[in-house]
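A.B. asks: If you're matching positions, the sequence shown starts at 108 in the working numbering and goes up one per residue.
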Amino acid sequence: MPQPAVAITGVKPMSTPNWRSLLFVPATAERFVAKAHTRGADVIILDLEDSIPPGEKQAARDALPAAAKTVSQAGAQVCVRINRPMEMSVLDIAAAVMPEVSVLMLPKLMGAEHVKLLSEVVASREALLDLPRGHTRFIGVVETPQALPQLHAIAHADPRMAALGVGSEDLCTEMEAVPGGDSMYVFGMMVVAAARGAGILPMGSVGAFADFSDLDGYRASLRRSRGLGFGCTACIHPLHVPIINEEYGPSPAEVDRARRLVAAFEEALAQGLGAVAFEGAMIDLPVVDRARKVLARAR
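(1) Specify whether the stretch 132 to 140 and the stretch 329 to 337 touch according to this definition: at least 3 beta carbon pairs, one from each stretch, less than 8 Å apart.
(2) Pull up the CB-CB distance for A202 and R168, whole angstroms please, since I reckon it's below 8 Å.
(3) So, under 8 Å CB-CB, V348 and G147 are touching, yes? Tell me the CB distance rounded to an integer number of Å.
(4) With a cut-off of 8 Å on the beta carbons, I'd call V273 and V248 a contact; round off their distance for me.
(5) Please go through the same chain and pick out, in chain order, the residues whose beta-carbon is closer than 6 Å to the beta-carbon of V383, but skip the five residues on each side of it.
(6) Starting from G426, trace the alpha helix (DSSP H) in both directions and tell me its first and last residue.
(7) Please report the residue range of the alpha helix (DSSP H) in which L376 lies.
(8) Examine the Cβ distances between the stretch 136 to 146 and the stretch 287 to 305 and report whether three or more of them are shorter than 8 Å.
(9) Give the secondary structure of V313 by DSSP, where H, G and I count as helix, E and B as strand, and everything else as coil.
(10) Identify whether M212 lies in helix, strand or coil by the three-state DSSP scheme.
(11) With DSSP collapsed to three states, give me the class of R427.
(12) Between the stretch 274 to 284 and the stretch 224 to 241, can you find at least three pairs of beta-carbon atoms closer than 8 Å?
(13) Once you ignore the five residues that flank T116 on each side, which residues in its own chain have a CB closer than 8 Å to its CB?
(14) Residues in the same chain with beta-carbon distance under 7 Å from L155, minus the five sequence neighbours each way, listed in chain order, please.
(15) What did DSSP end up calling K119 once you bin it into helix, strand or coil?
(16) Where does M193 land, buried or exposed, given buried means 16+ other C-beta within 10 angstroms?
(17) Applying the 10 Å Cβ sphere with the 16-neighbour rule, what's the burial state of L392?
(18) DSSP three-state label for G272, please.
(19) Using DSSP bridges, identify the partner residues of S128.
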């Protein structure tokens, strides 16, 4: 069983989110921000990093309060991707931590101490705004070969950690590799093992991230990735969102079977039965737990 991260004093144990799709939107792109809530993504990531030119970083920070309210109006959670240099990270955190923002994406992480340092900065900002400590969760992203051995430590670094992934484009650039199933398979499975071991979501896929011209190929890549254990993934194009939701979420048939299985198990328990039969097979707690996880991911 996954072991929970060591609790921070004053922070309640945090549950694993049931996200499927996360959609990037530049914080200053008003027309994209205005429509983001209609795309069906579970999380909208307001970007302060790669999609924002250096001279527009402060304008992007200033845009966050209005943008966060706009993109969350249909119920999506709001995430902000901050910048890596520490002097920029501190400014980004000061701008991003607010009631409407529940997650920060931390790019180019180097190790557990990096996560812990950023967590201290976030905790100070939460206290200043009278937000509960732990209000702001983390999505960690590793994007350098040097940090790959630290995936396990990063996943366990802080109770704020909600998901973990690798940045395929930046990582493959540094390795002079082409992003895709072959180059990302090993590192993807490292993410799955580290994240699942920490009880958080493995984010990503073993396919190319940026290609939105081949939707059938994208779907096939996601289907394979879900079978490998990935739980959610981010995208930059709205066309990808419904495909992610379908492939990373349970099918109606899976939900129906899980609901019936849990009901049969609970009925047997209520009758004091020690063994439970369901559709010709005996079921036990691990099977029921998997069914409950399917129901938790259902929309």
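Ideal Cβ placement from N, Cα and C applies to all residues, glycine included. What you are looking at is a predicted structure, and each value in this text was computed from that prediction instead of being measured.
C.D. replies: Walking through what the data contain:
(1) no
(2) 4 Å
(3) 5 Å
(4) 7 Å
(5) F372, A375, I390
(6) The displayed coordinates of the chain run from 108 to 406. Any statement about residue 426 would go beyond what the structure contains.
(7) 359 to 377
(8) no
(9) coil
(10) strand
(11) Coverage of the chain is limited to positions 108 through 406, which leaves residue 427 absent and any answer about it impossible.
(12) no
(13) Confidence in T116 is poor, its pLDDT being 41 and thus under 50, which makes the residue's placement too unreliable to answer from.
(14) A134, K164, A167, R168, V187, R188, I189, N190, D199
(15) Its pLDDT being 48, under 50, K119 is placed unreliably by the model, and nothing is read from it.
(16) exposed
(17) exposed
(18) strand
(19) T340
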